[in-house]
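Residue numbers (the working numbering): 15 to 382.
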């Protein structure tokens with residue numbers, strides 16, 4: 015967030031800034047979603063909904079799982095949330111008690127461990143290094159002892175790596191055998207550049223899946239997401255949601271329902287990300303970075319700055335001040351070795367990524 019704040023300050027001062035630091039799609043919410051929201055604003059008052067979300071949206075999400083993954087999910091197990099962040103809070107509170115251990119891949123999204131700490135849980139970081147292509151494996155999970163729950167993410171932030179279907183099934187199996195509760199973060203589903211990742215729900219009905227309308231659906235500011243939970247957790251999650259949030263934003267639920275029918279427009283966004291991905295990967299290689307994570311999904315390139323003899327924070331600060339290219343230091347994602355890595359986002363426009371890539375290559379040439 016420090017990089018984002020500084021980037022915004024430079025932009026406010028009139029500097030040209032290339033925002034490769036945030037996982038923020040440069041695209042609008044889909045047209046169908048915006049039109050539905052506009053109609054709703056002209057209609058009846060937008061009051062509270064059920065704490066679990068509007069029934070029509072829950073039913074449509076259940077249909078989404080049937081159409082996309084071939085998985086039957088009862089609508090009663092779908093919970094609408096105020097973004098995926100609310101989903102993590104609800105999942106952690108409903109599944110775990112204070113002091114219990116929640117394991118997760120490292121590097122990973124920093125909010126996982128921050129929320130866990132805030133709720134009195136004990137985060138356990140499982141190292142997923144370059145030799146593993148930054149992918150969590152069933153073998154690595156099986157090597158851990160004394161964990162109460164596991165949080166996985168595929169595609170992952172910051173690496174963009176995807177856990178293959180067989181490996182995902184094996185992880186689910188290990189968790190089942192060891193009675194480890196499993197949470198699957200699937201917020202980047204829909205944004206991948208090979209085979210479509212499978213949902214963990216295909217392998218067990220006992221997992222909790224968290225998803226969001228922020229990334230694939232380009233609705234970050236609408237703060238709307240969903241969970242799929244086992245039947246036994248529906249009522250506990252509902253009680254928590256009633257007290258924490260009352261209900262998800264009504265206008266956002268209206269828009270989200272329409273967004274689920276906007277696949278043609280949204281897949282056009284993914285084609286732009288794919289094009290940007292190729293451009294940025296080529297630029298990072300040409301600029302002389304070290305190892306690069308596979309970038310199989312999401313919209314990130316995670317690369318080593320070791321060849322430049324600088325730590326990630328110094329590198330990103332200098333890059334921003336001297337070129338206007340904003341990137342995120344790996345320290346945010348990995349408290350152990352993140353100082354050797356930076357993350358670039360290619361979720362913006364093709365023009366922004368092209369100009370940032372050119373500036374990056376030119377600047378790095380002077381640093382080697």
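Don't be surprised by glycine CBs; every beta carbon is placed ideally from N, CA and C.
Distance from the CA of residue 212 to the CA of residue 129, rounded to the nearest whole angstrom, comes to 26 Å. Under the 8 Å Cβ criterion, the stretch 61-73 does not count as touching the stretch 365-374, having fewer than three qualifying pairs. Rounded to the nearest angstrom, the gap between the Cα atoms of residue 47 and residue 80 is 22 Å. With respect to the C-alpha of residue 251, the residue from 363, 224, 43 having the closest C-alpha is 224. Annotation: the continuous beta strand (DSSP E) that includes residue 314 extends over 314-318. In summary, residue 359 is buried, with 16 or more beta-carbon neighbours lying within 10 Å of its beta-carbon over all protein chains present. If you look at residue 302, you'll find it isn't in any alpha helix (DSSP H); DSSP assigns it neither H nor E.
In this chain, residue 223 is not harboured by any alpha helix (DSSP H); it is covered by the beta strand (DSSP E) spanning 222-226. Around the beta carbon of residue 291, 16 or more other beta carbons lie within 10 angstroms, which makes this residue buried. One alpha carbon belongs to residue 249, the other to residue 117, and they sit about 25 Å apart.
In the three-state scheme derived from DSSP, where H, G and I count as helix and E and B as strand, residue 345 is classed as helix. Secondary structure of residue 171 (DSSP, three-state): coil. Shown here for residue 107: same chain residues with a beta carbon closer than 7 Å to its own, the five before and five after excluded, namely 133, 254 in chain order. Linking residue 294 to residue 315 through their CA atoms gives a straight-line distance of about 8 Å. About 12 Å separates the Cβ atoms of residue 143 and residue 175, ruling out a contact at the 8 Å cut-off.
By a beta-carbon distance limit of 8 Å, residue 288 contacts residue 207. Their separation comes to about 6 Å. For the pair residue 171 and residue 312, the CB atoms are nearer than the 8 Å cut-off.
Residue state for residue 286 is assigned as helix, using DSSP reduced to three classes. Going by C-alpha positions, residue 29 is about 20 Å away from residue 328. Residue 87 places its beta carbon less than 8 Å from that of residue 76. In this structure, DSSP gives residue 131 a helical state, which the three-state scheme calls helix. Just so you know, the alpha carbons of residue 205 and residue 355 end up roughly 23 Å apart. A straight-line Cα-Cα distance of about 15 Å links residue 83 and residue 168. In the DSSP assignment, residue 197 falls within the unbroken beta strand (DSSP E) covering 195-199. One thing to note: residue 32 has its Cβ within 8 Å of the Cβ of residue 338. If you look at residue 96, you'll find it isn't in any alpha helix (DSSP H); DSSP assigns it neither H nor E.
For the options 380, 120, 285, the alpha carbon positioned closest to that of residue 346 is the one of 120. Residue 56 carries a coil assignment under DSSP once its states are collapsed to helix, strand and coil. Collapsing the DSSP output to three states places residue 381 in coil.
In the DSSP assignment, residue 264 falls within the unbroken alpha helix (DSSP H) covering 264-273.
Residue burial annotation: residue 131 is exposed, with fewer than 16 other C-beta atoms found within 10 angstroms of its C-beta. Classified as buried, residue 35 has 16 or more neighbouring CB atoms from the shown chains inside 10 Å of its CB.
Residue 137 is bridged by DSSP to 116. Taking a cut-off of 8 Å for Cβ pairs, the stretch 37-45 and the stretch 265-276 touch, as three or more such pairs fall below it. A check of alpha carbon separations from residue 242 across 139, 89, 363 identifies 89 as the nearest. Separation of residue 37 and residue 22 (C-alpha to C-alpha, rounded to the nearest whole angstrom) is 15 Å.
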